[in-house]
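*Asks:*
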Amino acid sequence: MIKREKIVLVETDPVTRQALEAELKAAGYETFSTESCSEGFEAAGKGQADVVVLDAGAPGSCWSAAVVELKGAAATAAIRVIVLSSLGPGERARALDLGADDVIRRPVESVVFLARVRNQLRTKRAADDLRNRVRIAEEGQQFAHTAFEALAVTEKMTRDAFSLDRRLKIGLAGLLGAAAIMAGIFFLFTRRAEKETRRAYTVIAQLERGLATEETLLARASKLRQESKQGADTKEDAQKQQLQQQSEQLRAQLASAAGGEVSDIRKQLQDTTSRLKHIEDESRVAQGVIRAYSRSVCLLHVSVAFREKDSGSRLRYAGINPKGEPLQDSDGKPIYSLQGRGPEVRADFFGTAFLVGKDGSMLTNRHVVEPWWKNDELASVTQEGIEPLIAEVNGYCPDAPRPLRVTIEKISQEADLAVVGAVLEDPNQPVIGLDSRADAAVSGNRVVLMGYPTGLDSLLARADEAPCSRSSNPVAATPPIS
1 MIKREKIVLV
11 ETDPVTRQAL
21 EAELKAAGYE
31 TFSTESCSEG
41 FEAAGKGQAD
51 VVVLDAGAPG
61 SCWSAAVVEL
71 KGAAATAAIR
81 VIVLSSLGPG
91 ERARALDLGA
101 DDVIRRPVES
111 VVFLARVRNQ
121 LRTKRAADDL
131 RNRVRIAEEG
141 QQFAHTAFEA
151 LAVTEKMTRD
161 AFSLDRRLKI
171 GLAGLLGAAA
181 IMAGIFFLFT
191 RRAEKETRRA
201 YTVIAQLERG
211 LATEETLLAR
221 ASKLRQESKQ
231 GADTKEDAQK
241 QQLQQQSEQL
251 RAQLASAAGG
261 EVSDIRKQLQ
271 DTTSRLKHIE
281 DESRVAQGVI
291 RAYSRSVCLL
301 HVSVAFREKD
311 SGSRLRYAGI
321 NPKGEPLQDS
331 DGKPIYSLQG
341 RGPEVRADFF
351 GTAFLVGKDG
361 SMLTNRHVVE
371 PWWKNDELAS
381 VTQEGIEPLI
391 AEVNGYCPDA
401 PRPLRVTIEK
411 ISQEADLAVV
421 GAVLEDPNQP
431 VIGLDSRADA
441 AVSGNRVVLM
451 GYPTGLDSLL
461 ARADEAPCSR
471 SSNPVAATPP
481 IS
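Quick note on numbering: the sequence shown equals residues 1 to 482 in our numbering.
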C-alpha cells in the first residue's frame, strides 16, 4: 500500500482552515489541521509530515518561531514549509530569510495553493531520493574500506609464504594511494572545521562581554527604577523648594520688621522671587520642548551580523533545540557554523535618532550605524577573517504603532555623525530644527537633553515588572515606545 503524503495545516481562521483542509483531503493528502503552533510542531515531528503550512496573518502569530524551529532541528529540517502571508513584500522576504521554502499571498486561491503544495512535495521527494543515494554511496564506501582492511590483514599473513601477483600489487598500491588521498582530505576538512570553530568562538567571546542575560537586564532595570523613584527630587527641585521656604521666611520677617529693616528685607524678597520665577520659567520651557519634540526623538535598534571575508558565508547557530535555544556542545557553549540554515548570530546595538526633515531624514551618530567604528572588540574580530555588517535597522518613535524600517543614507568620515532615512506614518510629525550659527550654543547656558543614552535600560526602568519580563524575552515582540 502506497503511503499517503501528510500535510500539517496551522491556520487561526476556522473558515479558511476548514476550506484548505477540505481541498487537501480532496486531493488525496493525509491532513492534520490546528490553530496552535505547538500542536502543529508536535504533529510535524511525530507524524513525519511532508509539508507544513503556517498562517502569518493573525496578530501575535507564532509562525516565525515555528519556521526557525522546524528548519533548525535535525529531525524536521527536511520538512517543506509554506507561509500564508497577508502583508507586504517585507514580511514575505523575512519569511524566506528565516528558512521558509515558499510564501503564498492571501487571499489564497485553491488552484494555486494545491499547485504550490505539489511543487514542494516534488522538491521533497527529489531531496529524499538524493539523500538515499548519498546514504547508499556512503555504505558502499564503508564496505570498500572494510574490504581494504581485510586485504591488508591477508597480505600480512601470507607475505612470507606467497609472492603477490604484479597486478595485485598495483591494485594494493592504488588502494593505499586512495587511502592516503582520503586521509589528506580528512585532514584538510578537520583543519578547516577547527579554524571555523576558533573564529566563531572568538566572535562570541567578544560579543558576550557586551551582552546582558535576561536576569542581568531585569536586575539593571529594577535598580534604575528604584534610583528614579529615590531621585525624583532633582537639584533644581531642591533649589526651588529652598527658595520657596526662603521667600516665606522673608515675608514673615517683613510683617514684623522695624522701620529701618523693611527696605533690606523687601530687596531680599524681590531677589528671591526673581530667582524663583527664573527657575519656574526655565522648567516650563524645558517641559514645552519635551512635549513638542519628544515624538521626533527615536530609539534606533541596529542589528549586526557576521560573515566570512573570503566566502561571504554568514555566521550561524548550528541548530535550534525544541525549546528554541541554540544547540550546545559538551561544555555548554553554543555551536556555530559557516554553513547550514540555522539562525544568524547577531549583536544588538542601540542609539538615538532625531527627525530633522519632513522626508523622514534623521540625524544620528556614526558609531550607532557603524557599531564597529572605534570599537576595539568588534575590530579584533576582523583579524580572524570575519567581518561585521549591518543586517537590519529599526526605529522606534514614541506613540508610534509599529517600528520604522530605517535605511542608512550618509555617514560622515570626519565626525561622529550620520544621516538615516525612514518612511513616516504620520506626515505631521514635528521636525527638530537645526541651528548652524556659531553662537547657537553658549558655554554655561542651560540645555535640554533628550535621547536614549542607556538604550533599553531607561525604557525598562520606566516599565512595570511584567512588561520588562516580556521585553527581555528575545521571542517577544518589541512594544511601542510611549
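Glycine included, C-beta positions come from ideal geometry on N, C-alpha and C.
Could you say which of Arg316, Gly360, Leu389 and Pro403 lies nearest to Glu370 if we only look at CA atoms?
*Replies:* Along the sequence shown, read from residue 1 onward, the residue named residue 370 stands at position 370. For Glu370, the nearest C-alpha among the options comes from Leu389.
*Asks:* Alpha carbon to alpha carbon, how far is Ile320 from Ala75?
*Replies:* To locate residue 320, count along the sequence shown from 1; it is residue 320. To locate residue 75, count along the sequence shown from 1; it is residue 75. So the alpha carbons of these two residues sit roughly 11 angstroms apart.
*Asks:* What residue does the alpha helix (DSSP H) around Cys37 start on, and which one ends it?
*Replies:* Taking the first residue of the sequence shown as position 1, residue 37 is located at position 37. Membership of Cys37 in the alpha helix (DSSP H) is indicated by the continuous run Cys37 to Lys46.
*Asks:* Between the alpha carbons of Arg339 and Arg314, how many angstroms are there, rounded?
*Replies:* Numbered from 1 along the sequence shown, position 339 holds the residue referred to as residue 339. Numbered from 1 along the sequence shown, position 314 holds the residue referred to as residue 314. Checking the sequence shown, residue 339 turns out to be Gln, not Arg. Their Cα atoms are separated by approximately 8 angstroms.
*Asks:* Would you mind working out which of Thr407, Val81 and Val419 sits nearest Asn119, comparing C-alpha positions?
*Replies:* Within the sequence shown, residue 119 is the residue found at index 119, counting from 1. Minimum Cα distance to Asn119 is reached at Val81.
*Asks:* Quick one: grab the DSSP three-state call for Met362.
*Replies:* In the sequence shown, residue 362 corresponds to position 362, counting from 1. Looking at Met362 - three-state DSSP - the assignment turns out to be strand.
*Asks:* Please list, in chain order, all residues of the same chain as Val53 whose beta carbon is under 6 angstroms from its beta carbon, the five residues on each side excluded.
*Replies:* Residue mapping note: residue 53 aligns to position 53 of the sequence shown, counting from 1. If we look at Val53 and ignore the five residues flanking it on each side, its Cβ neighbours are Leu9 and Ile82.
*Asks:* Taking only beta-carbon atoms, is Arg307 less than 8 angstroms away from chain C?
*Replies:* The structure shown contains no chain C, having only a single protein chain.
*Asks:* Assign Glu69 to buried or exposed, taking buried as 16 or more other Cβ atoms, counted over all protein chains shown, within 10 Å of its Cβ.
*Replies:* The sequence position of residue 69 within the sequence shown is 69, counting from 1. Buried.
*Asks:* Going straight from the alpha carbon of Ala95 to that of Ala180, what length do you get?
*Replies:* Looking up residue 95 in the sequence shown gives position 95. Looking up residue 180 in the sequence shown gives position 180. Roughly 45 angstroms between the two C-alpha positions.
*Asks:* Near Gln268, which residues of its chain fall below 7 angstroms by C-beta distance, leaving aside the five closest residues on each side in sequence?
*Replies:* Within the sequence shown, the letter at position 268 stands for residue 268. Cβ within range, chain order: Leu250.
*Asks:* In angstroms, rounded to a whole number, what distance separates the CA positions of Ala347 and Val420?
*Replies:* Translated into positions along the sequence shown, residue 347 becomes position 347. Translated into positions along the sequence shown, residue 420 becomes position 420. When rounded, the distance between both Cα atoms is 20 angstroms.
*Asks:* Three-state secondary structure (DSSP) at Pro107?
*Replies:* Position 107 of the sequence shown, counting from 1, holds the residue named residue 107. Coil at Pro107, not helix or strand.
*Asks:* If you draw a straight line from the alpha carbon of Gly28 to that of Glu344, how long is it in whole angstroms?
*Replies:* Numbered from its first residue, the sequence shown carries residue 28 at position 28. Numbered from its first residue, the sequence shown carries residue 344 at position 344. Gly28 and Glu344: Cα-Cα distance of roughly 38 angstroms.
*Asks:* Just mark Ile170 as buried or exposed, buried being the case when its beta carbon has 16 or more other beta carbons within 10 Å.
*Replies:* Position 170 of the sequence shown, counted from the start, is the residue given in the question as residue 170. By the neighbour-count criterion, in which 16 or more other beta carbons inside 10 Å mark a residue as buried, Ile170 falls on the exposed side.
*Asks:* Quick check on DSSP: helix, strand or coil for Ala150?
*Replies:* Reading the sequence shown from its first residue, position 150 is the one you call residue 150. Three-state result, Ala150: helix.
*Asks:* Curious, which full-length alpha helix (DSSP H) runs of at least 4 residues does the region 290-376 contain?
*Replies:* Complete alpha helix (DSSP H) runs here, min 4: 366-369.
*Asks:* What residue does the beta strand (DSSP E) around Ala422 start on, and which one ends it?
*Replies:* Sequence index remark: in the sequence shown, residue 422 carries index 422 (1-based). Element bounds for Ala422: Ala418 to Ala422.
*Asks:* Can you tell me where the alpha helix (DSSP H) with Val67 in it begins and where it stops?
*Replies:* For the purposes of this step, residue 67 is identified with residue 67 of the sequence shown, where counting begins at 1. Trp63 to Gly72 is the extent of the alpha helix (DSSP H) around Val67.
*Asks:* Going by the C-beta, is Leu84 closer than 7 angstroms to any heavy atom of the ligand NAD?
*Replies:* Among the components modelled here there is no ligand, and therefore nothing to report on the ligand NAD.
*Asks:* Decide if Ile7 is buried, meaning its Cβ has at least 16 other Cβ atoms within 10 Å, or exposed.
*Replies:* Mapped onto the sequence shown, residue 7 falls at position 7. Classification for Ile7: buried.
*Asks:* Go to Ala19, then tell me how far its alpha helix (DSSP H) extends in each direction, as first and last residue.
*Replies:* Taking the first residue of the sequence shown as 1, we reach residue 19 at position 19. From DSSP, the alpha helix (DSSP H) with Ala19 extends over Pro14 to Ala26.
*Asks:* Arg366 and Ala418 - do their beta-carbons sit closer together than 8 angstroms?
*Replies:* By one-based count along the sequence shown, residue 418 stands at place 418. By one-based count along the sequence shown, residue 366 stands at place 366. Against a cut-off of 8 angstroms, the Cβ pair of Arg366 and Ala418 comes out as a contact.
*Asks:* Is the distance from the Cβ of Lys374 to the Cβ of Val431 below 8 angstroms?
*Replies:* On the sequence shown, residue 374 is found 374 positions in, with the first residue counted as 1. On the sequence shown, residue 431 is found 431 positions in, with the first residue counted as 1. Taking 8 angstroms as the Cβ cut-off, Lys374 and Val431 do not qualify as a contacting pair.
*Asks:* How big is the Cα-Cα spacing for Ser36 and Glu42?
*Replies:* Position 36 of the sequence shown holds residue 36. Position 42 of the sequence shown holds residue 42. Going by the C-alpha atoms only, they are around 10 angstroms apart.
*Asks:* For Val289, which residues in the same chain have their Cβ closer than 7 angstroms to its Cβ, ignoring the five residues on either side in sequence?
*Replies:* One-based indexing of the sequence shown puts residue 289 at position 289. These residues qualify, in order along the chain: Val448.
*Asks:* DSSP three-state call for Leu389: helix, strand or coil?
*Replies:* In the sequence shown, counting from the first residue as 1, residue 389 sits at position 389. Leu389: strand per DSSP, three-state reduction.
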